[in-house]
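Chemist:
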Amino acid sequence: FSFSPATLSSSLVTESAAEIHVMNKDMFIRTLTEAKAIRRNRIKERNKTQAALEKAEPAGRTRASFFRASFAGTGRGREAQGKSSGKGRRSKRGSKKSSASSSSSGVTDEDVDMLEEKDAAEEEAEEEEEGQRALTVLTSDWKYLSDPSIQLRNLREVKVLGRGAFGLVRQVRDRSGQQDYALKALAKPQLKTSHQGRGFEKLVRERDAQVLCGSHPLVTRLLNTYEDSKAVYILMELNDGKELFEALYRRDIHSGSTGPVSLNFSQFLVANLVLALGHVHAQDFVFRDLKPENVILCRNGYIKLIDFGFAKRIASGEKAWTLCGTAEYLAPEIVLGTGHDKAVDWWSLGILAFELRAGRTPFDYQEEEGEEELMAGGDEQEAARRRRNQIMHNIISMKLRMPRNKFDEPAEKTIKRMLRREVPTRLGSVDSGGTEALRRSPWLRSMDWEALLDQRFPAPAMR
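Under our numbering, think of the first position of the sequence shown as 169, with each following residue one higher.
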């Protein structure tokens, strides 16, 4: 899911769902009013520029050339600068610099509507061009890919591994029969309309993140990308395991076991993730979506980190602002929209470490009276929204309570330090010593990190 940080921050200070809805509506109306005022100013500036050009330019100059010149110096020129500085068009239109009204500018709502239509058409053309450019980069830029010699036509399907919102994941085998891979097929129509029309661009960023971070034994490698008329294909190494989520919550038909794992295995798994996330951070990326579904538990007990859909490149000292991830694992600074860095991954790891032993996340939603009736009535979307808002409220306000008899003292101390809301004091943050501080923590200091990296350290029993 994704929200505007400003909208979410205002939502979280209220307890009532009705109040949240009203606040969001008021914010929307205020933003729309400011945007119209700014558009009126743009029309006024454009008309002034056109009048000046008509006096200065030869009579043969066309009306179109006047408007191109106006755009170069007014609305779109400034908006392009906003894009390049990371603020984007919406923040420009939502700024407080303009308080113009239709009466003071002499511009009518019809003029504004005409400009909106023109802007919409131009934006659509720009996005189409950017999407095509992103697709070209996706399928032709091989400089990071490990094995471009693997061709799509030489792969045949073995079985379907899973289904997603955009297509299928298949196990495929090359013609020689020597190697199996995982092939993800993403339908172009869905990609084109996803993520506000920027699905291809997001896919390129995801690909680059996974390729640049994939040179590690605990991160799934991306091998190649392809396209045909219907889909974009991503070829990855095939992992011989299952999602950690399945291991935790879906009963094994052979052993019949499910639920929390042993303390020793929890320690081993968390150490795996310290190595994997530490490597991602060393490449100047923040992962931002650590959860059991994005961790593959291999047959040898080691893990593979998958799904770089929310990964973002962040240089030292920089912050990101997008609200993204899965509610139960969001760090407080993401929820509040105050800017975040790589420390959010250590918060998520603290949540996961808690979950491994407790069988639940620490700030999970407690079902309220009437919730079952709401679900039975078919309003699942409303129930999900209520649950998500309550989880995020808990993250920023609820006291952490460690369950009894689940953790020894070193584990409890380490997890509590990872779940500190103040980023500078959070274990793993830059100010608290980074990844090395995690390695030296009371719970993890006994690990043989070199043997773990080489996968020579035997995995403990899971339960």
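Note that CB positions come from ideal geometry on N, CA and C, so glycine has one too.
Within the continuous alpha helix (DSSP H) that includes residue 604, where are the two ends?
Modeler: As a first step, residue 604 is located in the sequence shown; it is residue number 436 there, counting from the start. Per DSSP, residue 604 belongs to the alpha helix (DSSP H) from 602-607.
Chemist: Bridge partners of residue 393, per DSSP?
Modeler: The residue given as residue 393 occupies position 225 in the sequence shown. Its beta-bridge partners are 402.
Chemist: When you compare each of 401, 616 and 493 to residue 454 by their alpha carbons, which one comes out closest?
Modeler: Stepping through the sequence shown from its first residue, residue 454 is reached at position 286. Among 401, 616 and 493, the Cα nearest to that of residue 454 is on 493.
Chemist: Can you check the segment 442-506 for any alpha helix (DSSP H) of at least 4 residues that lies completely inside it and give the ranges in chain order?
Modeler: As far as the segment 442-506 is concerned, its whole alpha helix (DSSP H) runs of at least 4 residues are 500-504.
Chemist: Taking the continuous beta strand (DSSP E) assigned at residue 338, which residues delimit it?
Modeler: Here residue 338 is taken as the residue at index 170 of the sequence shown, counted from 1. Residue 338 -> beta strand (DSSP E) spans 336-342.
Chemist: Thinking just about the alpha-carbon of each residue, which of 349, 475, 470 and 451 is nearest to the one in residue 458?
Modeler: Position 290 of the sequence shown, counted from the start, is the residue given in the question as residue 458. Nearest option by C-alpha distance: 475.
Chemist: Classify residue 357 as buried or exposed, calling it buried when 16 or more other Cβ atoms lie within 10 Å of its own Cβ.
Modeler: Stepping through the sequence shown from its first residue, residue 357 is reached at position 189. Classification of residue 357: exposed, given that the 10 Å Cβ count is below 16.
Chemist: Quick one: Cα of residue 349 to Cα of residue 495, how far?
Modeler: By one-based count along the sequence shown, residue 349 stands at place 181. By one-based count along the sequence shown, residue 495 stands at place 327. Spanning the two alpha carbons is a distance of roughly 31 Å.
Chemist: For my contact list, residue 589 and residue 500 are in at a C-beta cut-off of 8 Å; report their separation, rounded to the angstrom.
Modeler: Counting from one through the sequence shown, the residue named residue 589 turns up at place 421. Counting from one through the sequence shown, the residue named residue 500 turns up at place 332. With 8 Å as the limit, residue 589 and residue 500 qualify as a contact, their Cβ atoms being about 5 Å apart.
Chemist: Pull up the distance between the alpha-carbon of residue 385 and that of residue 445, whole angstroms please.
Modeler: Against the sequence shown, residue 385 aligns to sequence position 217. Against the sequence shown, residue 445 aligns to sequence position 277. In a straight line, the C-alpha of residue 385 is about 12 Å away from that of residue 445.
Chemist: What's the gap between the Cα of residue 383 and the Cα of residue 405?
Modeler: By one-based count along the sequence shown, residue 383 stands at place 215. By one-based count along the sequence shown, residue 405 stands at place 237. In a straight line, the C-alpha of residue 383 is about 12 Å away from that of residue 405.
Chemist: Is the beta carbon of residue 373 less than 9 Å from the beta carbon of residue 479?
Modeler: As a position in the sequence shown, residue 373 is number 205, starting the count at 1. As a position in the sequence shown, residue 479 is number 311, starting the count at 1. Against a cut-off of 9 Å, the Cβ pair of residue 479 and residue 373 comes out as a contact.
Chemist: Using the beta-carbon count (16 or more within 10 Å), is residue 229 buried or exposed?
Modeler: Numbered from its first residue, the sequence shown carries residue 229 at position 61. Bear in mind that the predicted position of residue 229 carries a pLDDT of just 39, short of 50, making it too unreliable to give a figure here.
Chemist: Specify whether the segment 430-440 and the segment 608-627 touch according to this definition: at least 3 beta carbon pairs, one from each stretch, less than 8 Å apart.
Modeler: With a cut-off of 8 Å, the segment 608-627 and the segment 430-440 count as touching, because enough Cβ pairs lie within range.
Chemist: Going straight from the alpha carbon of residue 268 to that of residue 502, what length do you get?
Modeler: Residue mapping note: residue 268 aligns to position 100 of the sequence shown, counting from 1. Residue mapping note: residue 502 aligns to position 334 of the sequence shown, counting from 1. Note that residue 268 scores a pLDDT of 39, beneath 50, so its modelled location is shaky and nothing firm can be said.
Chemist: Looking at the unbroken beta strand (DSSP E) that takes in residue 513, where does it start and where does it end?
Modeler: Locating residue 513 in the sequence shown gives position 345, counting from the first residue. Taken as a continuous stretch (DSSP letters only), residue 513 belongs to no beta strand (DSSP E), being part of the alpha helix (DSSP H) at 511-526.
Chemist: Using the rule of at least 16 other Cβ atoms within 10 Å of the residue's Cβ for burial, across every protein chain shown, is residue 418 buried or exposed?
Modeler: Sequence index remark: in the sequence shown, residue 418 carries index 250 (1-based). Classification of residue 418: exposed, given that the 10 Å Cβ count is below 16.
Chemist: Out of 443, 434, 548 and 403, state which residue places its alpha-carbon closest to the alpha-carbon of residue 416.
Modeler: Residue mapping note: residue 416 aligns to position 248 of the sequence shown, counting from 1. The shortest Cα separation from residue 416 among 443, 434, 548 and 403 belongs to 434.
Chemist: For residue 413, which option in 397, 362, 401 and 473 has the closest C-alpha, if you only look at C-alpha atoms?
Modeler: Mapped onto the sequence shown, residue 413 falls at position 245. Per the Cα distances, 473.
Chemist: So what does DSSP say about residue 612, is it helix, strand or coil?
Modeler: Counting from 1 along the sequence shown, the entry for residue 612 is found at position 444. Note: residue 612 maps to coil in three-state DSSP.
Chemist: My guess is that residue 587 and residue 568 are in contact by the Cβ rule of under 8 Å, so how many angstroms apart are they, rounded?
Modeler: In the sequence shown, counting from the first residue as 1, residue 587 sits at position 419. In the sequence shown, counting from the first residue as 1, residue 568 sits at position 400. Sure, about 6 Å apart at Cβ, within 8 Å.
Chemist: Rounded to the nearest angstrom, what separates residue 371 and residue 529 at their Cα positions?
Modeler: Translated into positions along the sequence shown, residue 371 becomes position 203. Translated into positions along the sequence shown, residue 529 becomes position 361. Roughly 30 Å separates the two Cα atoms.
Chemist: Using a Cβ-Cβ distance under 9 Å, would residue 517 count as near chain B?
Modeler: Here there is only one protein chain, and chain B is not present.
Chemist: Comparing C-alpha positions only, which one of 627, 624, 629 and 578 sits nearest to residue 608?
Modeler: In the sequence shown, residue 608 corresponds to position 440, counting from 1. Looking at the Cα atoms, 578 is the closest of the given residues.
Chemist: So the candidates are 506, 471, 523 and 470; which of them puts its Cα closest to the Cα of residue 486?
Modeler: Along the sequence shown, one-based indexing puts residue 486 at 318. With distances taken between Cα atoms, residue 486 lies closest to 506.
Chemist: Flag this pair as yes or no: are the beta carbons of residue 522 and residue 583 separated by less than 9 Å?
Modeler: Taking the sequence shown and counting its residues from 1, the one referred to as residue 522 is at position 354. Taking the sequence shown and counting its residues from 1, the one referred to as residue 583 is at position 415. Closer than 9 Å, so yes.
Chemist: Using the three-state DSSP reduction, which class does residue 590 fall into: helix, strand or coil?
Modeler: Locating residue 590 in the sequence shown gives position 422, where the first residue counts as 1. Residue 590 falls in the coil class under three-state DSSP.
Chemist: Between 483, 347, 353 and 344, which has its C-alpha nearest residue 328's C-alpha?
Modeler: Indexing the sequence shown from 1 puts residue 328 at position 160. For the residues 483, 347, 353 and 344, the minimum Cα distance to residue 328 belongs to 353.
Chemist: Is the Cβ-Cβ distance between residue 598 and residue 511 less than 9 Å?
Modeler: If you number the sequence shown from 1, residue 598 lands on position 430. If you number the sequence shown from 1, residue 511 lands on position 343. Contact: yes.
Chemist: Beta-carbon within less than 6 Å of residue 581's beta-carbon, same chain only, minus the 5 sequence neighbours each way: which residues are those?
Modeler: Numbered from its first residue, the sequence shown carries residue 581 at position 413. Excluding positions up to five away in sequence, the list reads 610.
Chemist: Under 9 Å between the Cβ atoms of residue 630 and residue 430?
Modeler: Counted from its first residue, the sequence shown places residue 630 at position 462. Counted from its first residue, the sequence shown places residue 430 at position 262. Cβ distance < 9 Å, so residue 630 and residue 430 count as in contact.
Chemist: For the beta strand (DSSP E) that residue 326 lies in, which residues bound it at each end?
Modeler: Looking up residue 326 in the sequence shown gives position 158. Note, residue 326: beta strand (DSSP E), 323-331.
Chemist: If you draw a straight line from the C-alpha of residue 318 to the C-alpha of residue 400, how long is it?
Modeler: Along the sequence shown, read from residue 1 onward, the residue named residue 318 stands at position 150. Along the sequence shown, read from residue 1 onward, the residue named residue 400 stands at position 232. Straight-line Cα distance between these residues: approximately 15 Å.
Chemist: Can you name the start and end residues of the beta strand (DSSP E) that residue 410 belongs to?
Modeler: On the sequence shown, residue 410 is found 242 positions in, with the first residue counted as 1. Per DSSP, residue 410 belongs to the beta strand (DSSP E) from 409-411.
Chemist: Could you spell out where the beta strand (DSSP E) holding residue 354 opens and where it closes?
Modeler: Locating residue 354 in the sequence shown gives position 186, where the first residue counts as 1. Looking at the DSSP string, the run of the beta strand (DSSP E) that includes residue 354 is 348-355.
Chemist: Mapping the DSSP letters down to three states, classify residue 377 as helix, strand or coil.
Modeler: Position 209 of the sequence shown holds residue 377. The answer is helix: DSSP assigns residue 377 an H, G or I state.
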